[in-house]
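Trainee: Residue numbers (the numbering used here), protein chains in the order written: chain D, 629 to 1055; chain C, 629 to 1055. All C-beta atoms, glycine included, are put in the ideal place defined by N, C-alpha and C. Just so we're clear, the structure is a prediction, and the values are computed from it rather than from any experiment.
1) Measure the C-alpha to C-alpha separation of residue 1021 of chain D and residue 738 of chain D and round it to an integer number of angstroms.
2) In this structure, what does DSSP give as the bridge partners for residue 750 of chain D?
3) Does the CB of residue 721 of chain C have a neighbour CB from chain D at under 8 Å?
4) List the DSSP bridge partners of residue 762 of chain C.
5) Given a limit of 8 Å on CB to CB distance, which residues of the region 835 to 854 of chain C reach chain D?
6) Could you pull out every residue in the same chain whose Cβ sits closer than 7 Å to the Cβ of residue 716 of chain C, ignoring the five residues on either side in sequence?
7) Exposed or buried, which one is residue 848 of chain C when buried takes at least 16 other CB atoms within 10 Å?
8) Measuring CB to CB, does residue 751 of chain D end up less than 8 Å from residue 925 of chain D?
9) Between residue 633 of chain D and residue 643 of chain D, what straight-line distance do the alpha-carbon atoms span, to the nearest angstrom?
10) Go through the region 865 to 952 of chain C residue by residue and report every complete run of the alpha helix (DSSP H) that reaches 4 residues or more, in order.
11) Compare the beta carbon distance of residue 846 of chain C and residue 808 of chain C with 8 Å and say whether it is the shorter of the two.
12) Which whole-angstrom value describes the C-beta separation of residue 776 of chain D and residue 978 of chain D, a residue pair presumed to lie in contact below a C-beta threshold of 8 Å?
13) Would you call the region 1029 to 1046 of chain D and the region 643 to 656 of chain D in contact, with 3 or more CB pairs under 8 Å?
14) I need the DSSP call for residue 982 of chain D, collapsed to helix, strand or coil.
15) Could you check whether residue 794 of chain C and residue 843 of chain C sit closer than 8 Å to each other, using their CB atoms as the reference points?
16) Per DSSP, residue 792 of chain D forms a beta bridge with which residues?
17) Which residues in chain A sit within 8 Å of residue 882 of chain C, going by Cβ to Cβ distance?
18) Excluding five sequence neighbours on each side, which residues of the same chain lie with their C-beta closer than 7 Å to the C-beta of residue 676 of chain C?
19) Which of the three DSSP states, helix, strand or coil, is assigned to residue 663 of chain D?
20) Just checking: is the beta-carbon of residue 921 of chain D within a distance shorter than 8 Å of some beta-carbon in chain C?
21) Taking 8 Å as the CB-CB cut-off, is residue 780 of chain C touching chain D?
22) State yes or no: is the beta carbon of residue 704 of chain D nearer than 8 Å to at least one beta carbon in chain C?
23) Output, in chain order, the set of chain C residues within a Cβ distance shorter than 8 Å of residue 733 of chain D.
24) List, in order along the chain, the chain C residues whose C-beta lies closer than 9 Å to that of residue 728 of chain D?
25) Are residue 735 of chain D and residue 774 of chain D close, meaning C-beta to C-beta below 8 Å?
26) Taking the alpha-carbon positions, what's the residue 898 of chain C to residue 705 of chain C distance?
27) If we define contact as Cβ-Cβ less than 8 Å, is residue 892 of chain C a contact residue for chain D?
28) Judging by CA-CA distance, which residue of C:689, C:771, C:679 is the nearest neighbour of residue 686 of chain D?
29) Is residue 917 of chain D closer than 8 Å to residue 768 of chain D when the C-beta atoms are compared?
30) Do residue 1051 of chain C and the ligand ATP come close, with the Cβ less than 7 Å from some heavy atom?
31) Can you grab the Cα-Cα spacing for the pair residue 605 of chain D / residue 976 of chain D, in whole Å?
32) Thinking C-beta only, is residue 895 of chain C closer than 8 Å to residue 726 of chain C?
33) How long is the line joining the alpha carbons of residue 962 of chain C and residue 1023 of chain C, rounded to whole angstroms?
34) Along chain D, in chain order, which residues have C-beta atoms closer than 7 Å to that of residue 774 of chain C?
35) Please report the distance separating the alpha-carbon of residue 660 of chain C from that of residue 999 of chain C.
36) Assuming residue 646 of chain D is part of the alpha helix (DSSP H), what are its boundary residues?
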């Protein structure tokens, strides 16, 4: 394969003509495929249907401790579900509060609480002139939307192959009192799929924040969401590392079963130091009497323990693998050597991140749409929806079938080629 | 019966001695009864157990519109559950967002959102020097805790037998721009059990708020929670009245099935104008991808429609009636004519509100505790936990059995008598 940038103008024009021909052929097909969001596929959802039989009208509705899950109580979640989520998050049970169906909601609440009530007694952020968050990019659009809503200034930090650029993180966190947080998806990162190295995690734990109310927002959304059985990433335990480093309160860890059982009917949890837990509970008791404990019981009894949950995740992996392979094989076979894009082969998570030539992402997403393939908006992986390079595109392979993914990726590479040629021709 | 205040000092001393004797007898029994919170009884929870069979592994998990309830989507709730909650709240389906398991959480979120983002574009309350809420008293402690947490100044408004003192409400709302809200439990009020009269509702709807972002927080927690079949209260439709009065956006209505199905595993909803709904959804989409739709489907299919729900509520009423009767009969037979307390006989809801002689409530609650009967803290029904008269006590008869309630109320009246005598003796 010859790199596009090494091609002559005439060759590019000829290539463009042939790509436009193919574009018309595809256009005529009138496809409709969605690769925009990390939604589990129908076959994945079917895996958890037996969970719906676990609790029925004949069930003993009491927890191991004898509490009636049908009534008020247990603000921090029922014991057996706290243990399950603690094992999933690799922390102790006492460090966990199990909440409702959405870890995003816990993150929103955590930032919202800090805005209005401060962090463990600090000045409420809404009383400060300026609050800033660091945002490793590309990252998760819904994180950025929370901080944007509250008027928190977001600062881009390049996400490298082993985690955020820690030189930059240290510079900001250790010197600027207005920097109150950083958004992280440390394992199988959304969208690049990388996992933070041990060194990066240790550097996080050893930060010396200028602001006492600085926290790491550690969204471990994909902690057990491997795609392969032979190659899996390991993430160092940030809570332990923070303790060792004398920063026990510096991290909030979030996770959920939205992509383990049902998206929207799972359970979510926050894990953090006992001191943080106490402060959160003091506020949470004003917000809610308790979360849905019957659903917590349903989860705890369905999985029995973390081994049950991990066995379940292997079934998910089997279903996701061919979809990721369909994308990666097509990218490999169609784009290798052309020098018009790069991507990382992830070992878990829900996304493949593609970097086009600068200035091409928006046009590629637009062209895909014309052919009936919906992608996440270009720019969405950056704060304020602004990718300064207009280069990053997030591909979500989980919802369509493998065949559909192959078809959709073919259209994607066609659009990448066409837009790249146009760019090189200066059009 | 002779009123205590008409008794001679000697008679009071003799009475005191005999009450103290009885106190010792009761103390020896070592009872343990809880009348503190409005928790449904075990037999009530059993009524909804069949709901747990409605959704199982063989169920069609799609909504009427074909959406998969197991996956992300439907931010405002699934159509069939929105219709059910709309019928329960006597509004149109389009005016309803169905949320998670807790209406308290929706109220918290609504105030929190107003603090941080303002109301439909108004200045965020956290940017204002002063924000005030009107609090009809006695009222619901958890409402007051929300406004207290956010540093909102609370102003007591006497709750009369037909609703809040509307002269006072109008004076504050129509003249003070800092007054941004009022907490209401308009039907079977917590704790007095009264229902707002049509005139009160109309005066609410016709307020001319000085603040454009003033809202009525209409917690219709007990909208279908009757105790009797023959005598039931009717509440005028506030949303319609507000529309008629040219104040369509002035009210937020809240409700849930926490005391219809399961406390903690029900569904909750907010009903308001379409303009308010739009604004709320714009914020809510940052907070959460969607609420638990499987539980919404479970509720919708279990009840089928509002008639199913109302039939279900009759069964609750049958179980609650003897408990309320046990309290009311005991109060009637033991206290009538003594002039040491007053109470209202409610037709629905979860509470009986008792007013002791001024300065006696704390002591009564304390004495009950000594005999093993736990009541809601005296003062809890007032902002900041401060009952200026130290007079109001909330009795929650729902959780114990009728026999236990009769026993507990006997202890309660004993303590009322003893504390009243001591008060009259100037001790």
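Mentor: Quick answer:
1) Taking the straight line joining both Cα atoms gives about 29 Å.
2) Its beta-bridge partners do not exist; DSSP assigns none.
3) By this cut-off, residue 721 of chain C is not an interface position.
4) Beta bridge pairing from DSSP links residue 762 of chain C with C:783, C:810.
5) Here the close residues number zero.
6) Excluding sequence neighbours, residue 716 of chain C sits near 851, 852, 883, 934, 937.
7) When all chains shown are included, residue 848 of chain C counts as buried.
8) Not a contact, by the Cβ cut-off of 8 Å.
9) Their backbone Cα atoms lie some 13 Å apart in a straight line.
10) The region 865 to 952 of chain C contains these whole alpha helix (DSSP H) runs: 866 to 872, 902 to 915, 921 to 931.
11) In terms of Cβ geometry, residue 846 of chain C and residue 808 of chain C do not form a close pair [threshold 8 Å].
12) No, residue 776 of chain D and residue 978 of chain D are not in contact; Cβ-Cβ is about 22 Å, not under 8 Å.
13) Because the criterion of three Cβ pairs below 8 Å is met, the region 1029 to 1046 of chain D and the region 643 to 656 of chain D touch.
14) When secondary structure is reduced to three states using DSSP, residue 982 of chain D falls in the strand class.
15) No, they are not a contact pair.
16) Per DSSP, D:787.
17) Absent from the structure: chain A. Protein chains present are D and C.
18) Excluding positions up to five away in sequence, the list reads 889, 890.
19) Reduced to three states, the DSSP call for residue 663 of chain D is strand.
20) Yes - at least one Cβ of chain C is within 8 Å of the one on residue 921 of chain D.
21) Answer no: the Cβ-Cβ gap between residue 780 of chain C and chain D never drops below 8 Å.
22) Using a CB distance cut-off of 8 Å, residue 704 of chain D does not count as an interface residue toward chain C.
23) In chain order: 915, 916.
24) Against chain C, a Cβ distance below 9 Å from residue 728 of chain D picks out 728, 729, 730, 733, 916, 919, 920.
25) When the beta-carbon positions are compared, residue 735 of chain D and residue 774 of chain D come within less than 8 Å of each other.
26) Pairing residue 898 of chain C with residue 705 of chain C, the inter-Cα distance amounts to about 11 Å.
27) At least one C-beta of chain D is nearer than 8 Å to the C-beta of residue 892 of chain C.
28) Measuring from the Cα of residue 686 of chain D, the nearest candidate turns out to be C:679.
29) No.
30) This structure lacks the ligand ATP, and indeed carries no ligand of any kind.
31) Since the displayed chain D opens at 629 and closes at 1055, residue 605 of chain D lies outside it and no answer follows.
32) In contact: residue 726 of chain C and residue 895 of chain C (Cβ atoms closer than 8 Å).
33) Distance between the alpha carbons of residue 962 of chain C and residue 1023 of chain C is about 16 Å.
34) For residue 774 of chain C, the chain D residues whose Cβ falls inside 7 Å of its Cβ are 914, in order along the chain.
35) Answer to the nearest angstrom: the Cα atoms are 8 Å apart.
36) Counting along the chain, residue 646 of chain D sits inside the alpha helix (DSSP H) bounded by residues 637 to 657.
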